[in-house]
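Participant: Below is a structure I'd like to ask you about.
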Amino acid sequence: MKYFSENYGVLLNYIGGNYIEASSSRYLQSFDPGLGKVIAEVPISSKEDVDKAVSSALEAFNKWSNLPILDRLQYLVKLKIIIEERIDDLVFMISQNVGKTVREGRGEIQRTIEAIDSALGIPHLFMTVRKIMNIVKAEPEIDMEMVREPIGVFAIISPFNFPIMIPMWFIPMAVTLGNTVVVKPSELDPVPITFFMRLFKEAGYPDGVVNLVNGDASTSQYLIDHKDVAGVAFVGSTPVAEKIYSSACSRGKRALCQAGAKNPVILMPDAVPEPSIENIVSGFFDMAGQRCLAPGLLITVGEAYEKFKHLIIERVKKIKVGYQLLNETGIGPLASLRGREKVVKMINRALEEGAEILLDGQGYRVEEKYSRGFYLGPTVLDNVTPDMEIAHEEVFGPVMPIIRASTFEEALEIANSRQYGNTGTIYTSSGKWAREFARRMNAGNIAVNMAVAQPNQFFPFPGRRKSFYGVLHGQIDALDFFTDRKVIMQRWW
Ligand code: NAD
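The opening residue of the sequence shown carries number 6 in this note's numbering; numbering runs sequentially from there.
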């Protein structure tokens with residue numbers, strides 16, 4: 006596969022350490038969304054392709070899982086060095102295929118490296134193995150110990166918005182703990198992760214430890230159904246997460262599914278104006294709002310509305326929408342035309358339901374030569390009420406719906422009545438309100454004066470209600486998710 010290019014042709018799968026053609030003759034198109042131009046053809050891998058990838062992972066598992074953990078760790082160290090050498094190629098591919106800016110692409114690779122840093126501590130996690138000697142009454146010759154073993158082949162099914170980082174939330178932990186993986190990336194923008202596979206080869210990973218099949222929902226389903234796939238790590242939208250979680254669990258597989266969000270931000274009148282506005286605006290609009298951690302709803306309390314509304318609008322007006330690879334661009338296009346249409350429809354339905362437009366992104370014009378791209382300017386909606394669709398469904402676009410609440414209690418009630426539970430944020434200069442919010446907001450990640458409540462990789466990434474399906478998380482719970490326990494009891498007379 007080529008380095009950064011204007012066209013990548015037909016994408017290949019990565020199976021058994023080689024790039025190989027998919028057997029399927031069905032293809033989808035992957036775009037540079039800033040140009041509205043096709044840059045790759047994505048094969049919809051068939052059951053046969055999935056079988057090949059899983060067999061390769063299973064075959065590699067037997068040898069890989071028997072390597073000492075410290076040996077497995079060395080590959081990860083090499084991988085980190087290679088990623089650092091290839092940062093520019095990776096960043097430009099991400100930016101080109103997803104539509105995020107180069108700055109945002111760099112952020113993604115930075116967090117990919119953090120995922121590796123966090124997995125480098127795995128031998129310490131392993132120290133939770135326990136042995137108790139002389140445990141049975143009147144039989145002092147009996148000892149019992151609990152060990153952990155890798156499980157087998159894991160499927161990793163990922164969304165479009167972080168094509169490298171999200172698979173890398175799981176791959177380092179899964180494989181260093183002795184498992185092997187098959188990745189099924191989003192069909193929208195699989196160029197960067199398909200390219201990334203070669204870095205595993207360069208780092209010396211044995212063939213078959215990491216595999217990738219391109220494809221769509223049907224390819225995911227073949228993987229989930231496969232008898233030799235032991236577990237599934239999924240990140241994507243809530244309806245798909247629900248389906249995959251029940252499908253995997255009903256087949257006796259372990260699954261964790263990180264899903265959609267509607268993250269409320271409460272703006273108190275005592276918030277510090279200058280940094281708060283800057284922070285809120287970048288939270289809503291960076292990556293054109295296509296982050297599961299992006300704020301989805303601004304709830305102003307009391308006089309915060311009058312105090313901050315104009316400052317917010319003035320700041321949002323300054324955002325420069327444009328081609329993602331240009332330095333001066335503030336936000337790029339949406340990743341797909343379908344995504345853009347969905348956002349526009351949601352804005353229009355909100356207007357029909359009585360919302361008022363303060364800033365209309367549909368009128369935003371980019372330079373003529375980019376006019377075929379999937380751009381949408383920042384949109385600010387006022388007079389939103391809690392029952393409107395735009396107030397409780399995920400938009401995944403550059404939209405800020407504003408709800409006015411009279412009191413902190415009312416704002417908290419609105420925030421907590423969303424059906425999701427990824428994050429919640431409060432802007433205030435009062436420790437009392439911050440503490441009250443942190444204690445009573447029903448979400449996995451709580452932030453004070455930070456629009457994007459993103460935990461560092463060393464922490465878990467918890468989500469509640471319709472934002473997370475499962476019990477264990479792929480980061481802090483990696484040991485429990487990616488290994489199985491075994492109790493060994495022995496008697497030596
Ligand atoms: P999506 O659910 O459409 O697709 C995610 C993956 O699932 C893709 O690989 C896709 O091919 C596959 N898929 C789609 N339909 C399927 C089906 N019916 N059966 C099996 N597989 C299927 O999500 P997306 O549009 O790519 O990503 C955006 C969503 O992801 C948003 O809802 C966002 O909030 C969420 N997300 C969540 C997190 C998190 O950590 N909670 C992180 C990033 C993105």
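Note that the Cβ used here is the ideal one computed from N, Cα and C, for glycine as well. It should be emphasised that the depicted structure is a prediction, and the values quoted were computed from it without experimental measurement.
Under 7 Å from any heavy atom of the ligand NAD, does the C-beta of Lys-267 make it?
Facilitator: Checking the Cβ of Lys-267 against the ligand NAD gives no.
Participant: For Asn-502, tell me which candidate among Lys-471, Asp-489, Ser-10, Ile-20 has the shortest Cα-Cα distance.
Facilitator: Outside the shown range of the chain (6 to 498) lies residue 502, about which nothing can therefore be said.
Participant: Please report the straight-line C-alpha distance between Thr-133 and Phe-289, rounded to a whole angstrom.
Facilitator: Rounded to whole angstroms, Thr-133 to Phe-289 spans 41 Å at the Cα level.
Participant: Can you have a look at Ala-222 and say buried or exposed, based on whether 16 or more other CB atoms are within 10 angstroms of its CB?
Facilitator: By the 10 Å Cβ count, Ala-222 comes out exposed.
Participant: Could you tell me whether any non-hydrogen atom of the ligand NAD is closer than 7 Å to the CB of Leu-464?
Facilitator: Checking the displayed sequence, the identity of residue 464 turns out to be Phe instead of Leu. Because no heavy atom of the ligand NAD lies under 7 Å away, the Cβ of Phe-464 does not count as near it: no.
Participant: Would the C-beta of Val-245 count as close to the ligand NAD, meaning under 7 Å from any of its heavy atoms?
Facilitator: Because some heavy atom of the ligand NAD lies under 7 Å away, the Cβ of Val-245 counts as near it: yes.
Participant: Could you pull the start and end residues of the beta strand (DSSP E) that Lys-350 belongs to?
Facilitator: Counting along the chain, Lys-350 falls outside any beta strand (DSSP E), though it belongs to the alpha helix (DSSP H) covering 342 to 357.
Participant: Our contact map puts Pro-38 next to Leu-339 with C-beta atoms below 8 Å; I'd like the distance itself, whole angstroms only.
Facilitator: Contact holds; Cβ gap of about 6 Å.
Participant: Please name the residue, chosen from Ala-65, Glu-308, Leu-81, that lies closest to Pro-155 on a Cα-to-Cα basis.
Facilitator: For Pro-155, the nearest C-alpha among the options comes from Ala-65.
Participant: Give the range of the alpha helix (DSSP H) segment to which Ala-58 is assigned.
Facilitator: Taken as a continuous stretch (DSSP letters only), the alpha helix (DSSP H) holding Ala-58 covers 52 to 69.
Participant: Should Trp-438 go down as buried or exposed, given a rule of 16 or more other Cβ atoms within 10 Å for buried?
Facilitator: Classification for Trp-438: buried.
Participant: In angstroms with no decimal places, state the Cα-to-Cα distance between Asp-365 and Val-404.
Facilitator: If you take the alpha carbons of Asp-365 and Val-404, they lie about 10 Å apart.
Participant: Could you give the C-beta distance for Met-292 and Ile-431, rounded to a whole number, given that I count them as a contact under 8 Å?
Facilitator: Met-292 to Ile-431, Cβ: 22 Å. No contact.
Participant: CB-CB under 7 Å to Val-240, same chain, minus the five flanking residues each way: which ones, in chain order?
Facilitator: Counting only Cβ-Cβ distances below 7 Å, and skipping sequence neighbours, we find Ser-163, Pro-164, Ile-171, Gln-263.
Participant: Tell me Arg-409's beta-bridge partners as DSSP assigns them.
Facilitator: Its beta-bridge partners are Thr-305.
Participant: Quick check on DSSP: helix, strand or coil for Met-178?
Facilitator: Note: Met-178 maps to helix in three-state DSSP.
Participant: Any heavy atom of the ligand FAD closer than 7 Å to the Cβ of Cys-254?
Facilitator: Only the ligand NAD can be found as ligands here, which leaves the ligand FAD out of the picture.
Participant: The ligand NAD and Phe-131: does the residue's C-beta get closer than 7 Å to at least one heavy atom of that ligand?
Facilitator: No, the ligand NAD has no heavy atom inside 7 Å of this Cβ.
Participant: Counting beta carbon pairs with one atom in the stretch 476 to 489 and one in the stretch 136 to 154, are three or more of them shorter than 8 Å?
Facilitator: Taking 8 Å as the limit for Cβ pairs, the verdict is that the stretch 476 to 489 does touch the stretch 136 to 154.
Participant: May I ask which residues mark the beginning and end of the alpha helix (DSSP H) holding Arg-108?
Facilitator: First-last of the alpha helix (DSSP H) with Arg-108: 107 to 124.
Participant: Alpha carbons only, please: which of Ile-317, Phe-205, Arg-354 is nearest the one belonging to Leu-363?
Facilitator: Considering only alpha carbons, the answer is Ile-317.
Participant: Any idea what DSSP makes of Glu-150, helix, strand or coil?
Facilitator: If DSSP states are grouped into helix, strand and coil, Glu-150 belongs with the strands.
Participant: Measuring alpha carbon to alpha carbon, tell me which of Gly-265, Pro-383, Gly-368 ends up nearest Ala-448.
Facilitator: Answer by Cα proximity: Gly-265.
Participant: Where in the stretch 351 to 398 do unbroken runs of the beta strand (DSSP E), each at least 3 residues long, occur, reported from the N-terminal end onward?
Facilitator: Taking only runs of at least 3 residues, the beta strand (DSSP E) segments lying wholly in the stretch 351 to 398 are 361 to 364, 384 to 387.
Participant: Can you give me the start and stop residues for the alpha helix (DSSP H) that Asp-94 sits inside?
Facilitator: Looking at the DSSP string, the run of the alpha helix (DSSP H) that includes Asp-94 is 92 to 103.
Participant: Put Ala-293 into one of helix, strand or coil per three-state DSSP.
Facilitator: Note: Ala-293 maps to helix in three-state DSSP.
Participant: Among residues of its own chain, excluding the 5 on either side of Lys-105, which ones have a beta-carbon nearer than 7 Å to its beta-carbon?
Facilitator: Cβ neighbours of Lys-105 beyond the five flanking positions: Ile-99, Met-292, Gln-329, Gly-337.
Participant: So Pro-197 is in the alpha helix (DSSP H); what residue range does that whole segment cover?
Facilitator: Counting along the chain, the alpha helix (DSSP H) containing Pro-197 begins and ends at 196 to 207.
Participant: Please determine, among Lys-52, Asn-166, Thr-185, Ser-35, the residue with the shortest C-alpha to C-alpha distance to Tyr-227.
Facilitator: Taking only the C-alpha atoms, the option nearest Tyr-227 is Lys-52.
Participant: Report the three-state DSSP secondary structure of Lys-437 (helix, strand or coil).
Facilitator: Lys-437: helix per DSSP, three-state reduction.
Participant: Just the Cα atoms here: how many angstroms apart are Lys-258 and Val-237?
Facilitator: Taking the straight line from one Cα to the other gives about 7 Å.
Participant: Note the first and the last residue of the continuous alpha helix (DSSP H) segment covering Thr-224.
Facilitator: Residues 222 to 230.
Participant: Starting from Pro-244, trace the beta strand (DSSP E) both ways and give me its first and last residue.
Facilitator: No beta strand (DSSP E) holds Pro-244; the alpha helix (DSSP H) holding it covers 243 to 255.
Participant: Please find out if some non-hydrogen atom of the ligand NAD comes closer than 7 Å to the beta-carbon of Val-186.
Facilitator: No - the ligand NAD has no heavy atom lying nearer than 7 Å to the Cβ of Val-186.
Participant: If you drop the 5 nearest sequence neighbours on each side, which residues of the same chain put their C-beta closer than 7 Å to that of Ala-197?
Facilitator: First, the residue type needs correcting, since residue 197 is Pro and not Ala in the sequence shown. The residues are Leu-95, Met-98, Ile-99, Asn-102, Pro-168, Ile-169.
Participant: I need the straight-line Cα distance from Pro-465 to Val-453, nearest angstrom please.
Facilitator: For Pro-465 and Val-453, the distance between alpha carbons rounds to 18 Å.
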